[in-house]
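*Asks:* Handing you a structure now.
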Amino acid sequence: MLFNGFSRRHFARIAAWSALGISTNSAEASQAGTSKEASRENGLAARGRAAGFPSGFLWGTATSAYQTEGAVNEDGRGPSIWDRQAHIPGKIADRSNADVANDSYHLYKDDVQLMKALGAKAYRFSIAWPRVFPEGTGTPNPKGLDFYDRLVDELLANGIEPFATMYHWDLPQALQDRFGGWMSRETATAFAEYAGHVAGRLSDRVKQFFTINECSRLVDLGYGAGVDAPGLTLAQQELNQVRHHVALGHGLAVRAIRAHGRAGIKVGPAENMVICVPAVETPANIRAAEIATRELNAGYLTVMLEGKYTDAFLAYAGKDAPKYTAEDLAVISSPVDFVGLNVYMPYHYVVAADDAPGFALAPFPASFPHMESDWLRIGPEAMYWAPRHVAKLWDVKSIYITENGTSAIDRPAADGQVYDVDRIMFLRSYLTQLQRATSEGVPVLGYFLWSLMDNFEWSDGYEKRFGLYRVDFRTQRRTPKLSASFYREVIARNAVA
Ligand code: NOJ
């Protein structure tokens, strides 16, 4: 049926295009903003520039190797613990694996164009250790870093700064078989050798490196709960020892990256710290949240930034405490240039308590809201408190938000577009809190949205979509969701849109 000369479908399509910020170049579109509408806008209170970020704030997107690259058997790549895990029946919700994933190993040039279309100026990706050292150690695969050479060149040619993560969980299976993976310090040493090798090869163009992505998740879900690879369920002492080896691996890698990389490169962790939010922002609760932050991150950020395990951590662990030397602690706390924080949700709401340790954790009511992934509680204020605690407690001068984003159901509408207004709501609320932090002088230098595009969400397979671009995994077609327009606006304005 025609509607003023247009079919309804045509009309819906134009509406969708303009909603996505894509010009139809048609007379109809150019007439859209009438002077009447414009004057009505002018009559509203000016939005002002209050929601702006510091100039030079770095806007980026993030992905990781195993979640996007595919090509698991190409150019000499060895198997990783995630290849093994994904092929065990029952481990992945939708029975998928990441053998092909987003095929970014071949489609990386297209992916760089997706970033460019957003106006993003930085990209956080990870290097697949089993591509570089198929056996984990020994002779490097001559083709191992070629893909990253090509990717880095393509990024730089498009004005996008590469930020490389050395370890995003895809441990070479050979190290699991030989040493039990991170159960052994051998893996920490092997990690440093690999990281040094990568820095030596790439640091002529890559200037920023993250060591390990989310130590606590790889330890607790990989070696404690058995949900992530390598799927182990260790007892407390062994688990604490794994925790220590991972922290040690971080410190050894910091030193190796500096030793083998060019002068001026920067390095730091990318942690999913336990984020403690004061339930009500009174001075006493804020102080309690700071104490809680220090104690509940004792195995990772606290030891990395203070060079010791807290007394409470050791007392709580008791006979299960990790075995370590003073030299280990010195290595773990090797100075870093920045701290990366993956911020998704508040872990705890904290209230002050008179008794030791000086804080209490409020229980979460069953009605606390979450996004599509049921673990992903909605608590935008986590984005304010995480960097603020890190800056205040440890006097950290440079912080990056290395991940933030959400899964959503993302069903395409009848016109084929994904109107993911729930993701926009989530991002807008979190970015508002980040702006609050930067406007108060919390030194956050940049933000990487997780994720550029839908990808393999570990044990959830492809069922949980986190991307700004929808990926059709049958055709590999990438289509911008409405949130891509939102993020493009944020970047263009350097302000919450
Ligand atoms: C953190 C992890 O680093 C990333 O790999 C994962 O996809 C996102 N969280 C979402 O769960």
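Yeah, the sequence shown ends on 718 if you go by my numbering, and it's all consecutive. Just so you know, even glycine gets a beta-carbon here, dropped at the ideal spot from N, CA and C.
What is the residue span of the beta strand (DSSP E) that Phe384 lies within?
*Replies:* 382-388
*Asks:* By DSSP, does Leu392 sit in helix, in strand, or in coil?
*Replies:* coil
*Asks:* Of the choices Thr623, Ala500, His466, whose alpha-carbon is the least far from that of Leu719?
*Replies:* Residue 719 cannot be examined here, being either before or after the span of the chain that is shown, 222 to 718.
*Asks:* Can you round the beta-carbon distance between Leu460 and Val440 to whole angstroms, since I take them to be within the 8 Å contact cut?
*Replies:* Contact annotation, Leu460 with Val440: C-beta distance approximately 7 Å; criterion of less than 8 Å satisfied.
*Asks:* Taking the CB atoms as reference points, tell me whether Phe669 and Glu678 lie closer together than 8 Å.
*Replies:* No, Cβ-Cβ distance for Phe669 and Glu678 is not below 8 Å.
*Asks:* How far does the beta strand (DSSP E) with Tyr668 in it reach, from first residue to last?
*Replies:* That run of the beta strand (DSSP E) goes 665-671.
*Asks:* Please classify Trp596 as buried or exposed, where buried requires at least 16 other C-beta atoms within 10 Å of its C-beta.
*Replies:* exposed
*Asks:* Please report the Cβ distance between Asp641 and Lys702, rounded to the nearest whole angstrom; I am assuming they are in contact, meaning their Cβ atoms lie under 8 Å.
*Replies:* 5 Å
*Asks:* Between Ala629 and Ser594, what straight-line distance do the alpha-carbon atoms span, to the nearest angstrom?
*Replies:* 8 Å
*Asks:* Where does His308 sit, in a helix, a strand or coil, going by DSSP?
*Replies:* coil
*Asks:* Is the number of C-beta pairs between the region 542-556 and the region 597-615 that are closer than 8 Å three or more?
*Replies:* No, because fewer than three Cβ pairs between the region 542-556 and the region 597-615 fall closer than 8 Å, the two stretches do not touch.
*Asks:* Consult DSSP for Gln429 and reduce its assignment to one of helix, strand or coil.
*Replies:* strand
*Asks:* What would DSSP say about Leu453, mapped onto helix, strand or coil?
*Replies:* coil
*Asks:* Measuring straight from C-alpha to C-alpha, what distance separates Asn506 and Gly579?
*Replies:* CA-to-CA, the gap between Asn506 and Gly579 works out to about 10 Å.
*Asks:* What I want to know is whether the C-beta of Gln306 ends up closer than 7 Å to one or more non-hydrogen atoms of the ligand NOJ.
*Replies:* no
*Asks:* Look up Met566 in the DSSP assignment and say whether it is helix, strand or coil.
*Replies:* Met566 falls in the coil class under three-state DSSP.
*Asks:* So the alpha helix (DSSP H) Ala340 belongs to, where does it begin and stop?
*Replies:* The identity of residue 340 in the sequence shown is Gly, whereas the question assumes Ala. Neither: Gly340 is in no alpha helix (DSSP H) and is coded neither H nor E.
*Asks:* Comparing the CB of Asn434 with every heavy atom of the ligand NOJ, is any distance shorter than 7 Å?
*Replies:* yes
*Asks:* Can you tell me where the alpha helix (DSSP H) holding Leu423 begins and where it ends?
*Replies:* 406-423
*Asks:* Would you check whether the ligand NOJ has a heavy atom nearer than 7 Å to the C-beta of Trp671?
*Replies:* yes
*Asks:* Exposed or buried, what is Phe274 when buried is set at 16 or more other beta-carbons lying within 10 Å of its beta-carbon?
*Replies:* buried
*Asks:* How big is the Cα-Cα spacing for Tyr651 and Ala658?
*Replies:* 11 Å
*Asks:* Quick test of your reading: Thr289 and Phe431, contact by CB under 8 Å. State the CB separation rounded to the nearest angstrom.
*Replies:* About 16 Å; that fails the 8 Å criterion.
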